[in-house]
Amino acid sequence: TYGVSTALLEELPKENFKDVLPAALRSRAKRNPNVRTYKEDGEPAVVKISELTGLGFGYIYYRNGGTATLREQVYFKSFDNLKLRKPFRGTSVTVEVAPGQETIVILKEGEDACRMSMATSSSFQKEGNHLRDLARQHGKVTQRKYKGSIVQIQVYAYQHSDGIFYLYENKESSLQLQERVTYRLNGLQIVGNEYGNTVDVIVRPGESKTCLLYTSDAADDLLCVDLGGRRIIKKKK
74 TYGVSTALLE
84 ELPKENFKDV
94 LPAALRSRAK
104 RNPNVRTYKE
114 DGEPAVVKIS
124 ELTGLGFGYI
134 YYRNGGTATL
144 REQVYFKSFD
154 NLKLRKPFRG
164 TSVTVEVAPG
174 QETIVILKEG
184 EDACRMSMAT
194 SSSFQKEGNH
204 LRDLARQHGK
214 VTQRKYKGSI
224 VQIQVYAYQH
234 SDGIFYLYEN
244 KESSLQLQER
254 VTYRLNGLQI
264 VGNEYGNTVD
274 VIVRPGESKT
284 CLLYTSDAAD
294 DLLCVDLGGR
304 RIIKKKK
């Protein structure tokens, strides 16, 4: 016997499924054994996986299990029969992945053979507290003097993958450090004074201050030379 039935078809907006494709490709990436780490940058727990699946979509997947934010620029040298999906466009992308986060770049594959090769420029931006700990543990320390005697005012200089970090610490109870330092820089910029080469620092008793020099976009060789300057340690009134 045959009965009478009614089928109701409803077209759903594609926004309802916007997370399905990224989730499926992330799951595929996590099963892919071809993993690239950033061990050479001191961040072995940060990984990148890329694949052209041949199923209509490819991906570049990042997962940050490290301690610093990854910032990477990807330039596609060959990009045959491929197209970036939103929010990316063109033939280059910039991704930023904070610790504990993941990001995926999705590529639309064309019907003909697809080919991709890329060059990258990567840097890691460490959080302030983490940099302080590294500076204390591994940085070069310089003691300041007052009237010829060493006092408890230290300056730590720590070079990392993304530049140079200076930490000033004043453990004195009545002395204040005031100094102006001029640098000769190559491939580095002073955060907060990107077009200059001078830093003014005042560190009162019990205080700490930081100065960050980060690599510029076109940096090949890094150079930072402290040319000295005016340095005053005086009793705080």
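Quick note: to get this note's numbering, add 73 to the position in the sequence shown (first position is 1).
Note that the Cβ used here is the ideal one computed from N, Cα and C, for glycine as well.
These numbers were taken from a predicted model, which means no experiment stands behind them.
Quick check on the DSSP output: the alpha helix (DSSP H) that includes residue i runs from which residue to which?
i          : result
residue 99 : 93-103
Do residue i and residue j have their CB atoms nearer than 8 Å?
i           : j           : result
residue 157 : residue 180 : yes
residue 148 : residue 191 : yes
residue 270 : residue 258 : yes
residue 282 : residue 233 : no
residue 397 : residue 216 : What the structure shows of the chain is the stretch from 74 to 310, and residue 397 is not part of that stretch, so it cannot be assessed.
residue 137 : residue 119 : yes
residue 266 : residue 274 : no
residue 155 : residue 183 : yes
residue 177 : residue 111 : no
If I follow the unbroken beta strand (DSSP E) through residue i, where does it start and stop?
i           : result
residue 130 : 130-137
residue 117 : 116-125
residue 149 : 141-153
residue 253 : 248-259
residue 273 : 271-276
residue 229 : 222-233
residue 167 : 165-170
Under a three-way DSSP split, which group does residue i fall into?
i           : result
residue 107 : coil
residue 293 : Unreliable placement is indicated for residue 293, whose pLDDT of 44 sits below 50; no coordinate value is reported for it.
residue 112 : helix
residue 202 : helix
residue 217 : strand
residue 209 : helix
residue 176 : strand
residue 244 : coil
residue 279 : coil
residue 83  : coil
residue 239 : strand
residue 300 : Annotation note: pLDDT 46 at residue 300 (below 50); position unreliable, coordinate value reported separately. Residue 300 falls in the coil class under three-state DSSP.
residue 323 : With the chain covering 74 to 310 only, the question about residue 323 has no answer from this structure.
residue 197 : strand
residue 287 : strand
residue 156 : strand
residue 192 : strand
Measuring CA to CA, which of the options is closest to residue i?
i           : options               : result
residue 279 : 141, 145 and 247      : 247
residue 284 : 240, 259, 134 and 269 : 240
residue 99  : 175, 190 and 264      : 175
residue 152 : 159, 165, 177 and 160 : 165
residue 150 : 272, 163, 263 and 220 : 163
residue 209 : 217, 238 and 223      : 238
residue 212 : 111, 255, 236 and 114 : 236
residue 113 : 260, 195, 263 and 253 : 195
residue 251 : 138, 264, 228 and 177 : 228
residue 231 : 222, 204, 218 and 243 : 204
residue 102 : 197, 121 and 115      : 121
residue 253 : 260, 261, 243 and 276 : 276
residue 218 : 193, 202, 249 and 197 : 249
residue 173 : 92, 221 and 139       : 139
The segment 160-172 in contact with the segment 140-150 per 3-pair CB rule at 8 Å | Touching, yes.
Touch test, the segment 184-198 against the segment 119-134, Cβ-Cβ under 8 Å, three pairs minimum | Judged by pairs of C-beta atoms under 8 Å, the segment 184-198 touches the segment 119-134, as three or more such pairs exist.
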